[in-house]
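Here the structure is laid out as C-alpha cells; the discussion comes afterwards.
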Ligand SMILES: N[C@@H](CCC(=O)N[C@@H](CS)C(=O)NCC(=O)O)C(=O)O
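Numbering (this note's numbering), first residue to last: -1 to 238.
What follows is the structure, encoded as C-alpha cells:
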C-alpha cells in the first residue's frame, strides 16, 4: 500500500524506508514518464513501497532531488541504506530482489527480447520524447508529428507487433505483464494524448494497458493532481 508524502527531508525518508522497506521518489504523475515505469512495475507486482513525490519545475526541485541522488533526476529508489537511481536500474534491482514475482518473462528468448526492447526504449526515441511530451491530463490531437516522432511511432509499432505476435498471445507484450510493458506505459499515454492512430491489434494493446489496475491508478492519480509544471507546459505549448 503506498502512502504519498510530498518533499519530506532525506533523514525522515531514510528512516521510514528502513522501517517500511522501499521508498520510491517520483515526480508529478501527470508529466514524469520516467517515474511512471518503476511505480507501475511495483504496483503491478504488488511490491509494497512508500511514495515521495517531488514537484518538477519548482525553485526547490533540484535541491529536493539532490537530497536523494546526485544524478539530479527522478525516479530514485531508497532501499534501506541503498539509493538506486534510473528507472531501468530500479526495475533490474526489483527483478533481482523479487525473483518469485517474475518481473521479466520466464522464457529465455522472451526475456532477452524484453530486455532489448526495454533498453531500446530507455536509450532511444528522443524525437518522440521531445515532440510529444507526456501530459496525461491533456488532449492534443495530431500535435507533435515531427518526421522524427513519426519515425519513432513507426518503430514502437514494429516492436509492439513483433512482441505481441511472437510472445504476447494478444495480451501484454510478453503474455503476462512485465517490466517491458511498464517501460512502454508512458508511450501508451502519449499515444492517447496525441491521438495517434494505430492498427487495431496495437490499439487493443493500448486499451488493455490502460485497463491494467496499476496503470489505471497512476492515471487517476495524475488526473487528480492540481499542480502544474511550467517548463513542461511550455514544451507542450511548443509541440506542433
Ligand atoms: N534515465 C533516467 C531519466 C530520468 C529523468 O530524466 N527524470 C526527469 C523527470 S521525468 C527529471 O528528474 N528531471 C529533473 C527535473 O525536471 O528537474 C531514468 O530512467 O530514471
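Glycine included, every Cβ here is placed at the ideal spot set by N, Cα and C. On a predicted model such as this, the values are computed, not experimentally measured, just so you know.
DSSP places residue 206 inside the alpha helix (DSSP H), whose first and last residues are 198 to 209.
Checking the DSSP bridge columns, you'll see residue 102 has no partner listed.
At the C-beta level, residue 230 and residue 29 come within 9 Å of one another.
The three-state secondary structure of residue 221, taken from DSSP, is helix. Taking non-hydrogen atoms of ligand 1 into account, the C-beta of residue 91 is found less than 8 Å away from none of them. Within the region 55 to 137, complete alpha helix (DSSP H) segments of at least 4 residues are found at 59 to 64, 85 to 95, 106 to 121 and 124 to 129, given in chain order. About 11 Å separates the beta carbons of residue 89 and residue 42, which is beyond the 8 Å limit, so they are not a contact pair. Using a Cβ-Cβ distance cut-off of 8 Å, the region 167 to 178 and the region 125 to 137 are not in contact, since fewer than three pairs of beta carbons, one from each stretch, lie closer than that value. A distance below 9 Å separates the beta carbons of residue 178 and residue 103. If you draw a straight line from the Cα of residue 124 to the Cα of residue 48, it comes to about 30 Å. Contact between residue 204 and residue 217 does not hold, since the beta-carbon distance rounds to 12 Å and is not under 8 Å.
Ligand 1 never approaches residue 216 closely enough for any of its heavy atoms to be under 8 Å from the residue's Cβ.
For residue 128 against residue 197, the beta-carbon gap comes to about 25 Å, at or over 8 Å, which does not count as contact.
Taking every protein chain shown into account, the CB of residue 210 has 16 or more other CB atoms within 10 angstroms, so this residue is buried. Ligand 1 never approaches residue 66 closely enough for any of its heavy atoms to be under 8 Å from the residue's Cβ. Distances between the C-beta of residue 222 and the heavy atoms of ligand 1 are all 8 Å or more.
Considered as a whole, the region 135 to 174 harbours 145 to 161 as its complete alpha helix (DSSP H) runs of no fewer than 4 residues, in chain order.
By the criterion of at least three beta-carbon pairs nearer than 8 Å, the region 49 to 67 is in contact with the region 222 to 229.
Relative to the Cα of residue 151, the nearest Cα in the group 106, 200 and 105 belongs to 200. With a contact defined as Cβ atoms closer than 8 Å, residue 72 and residue 45 miss out at about 18 Å. For residue 228, the enclosing alpha helix (DSSP H) covers residues 228 to 236.
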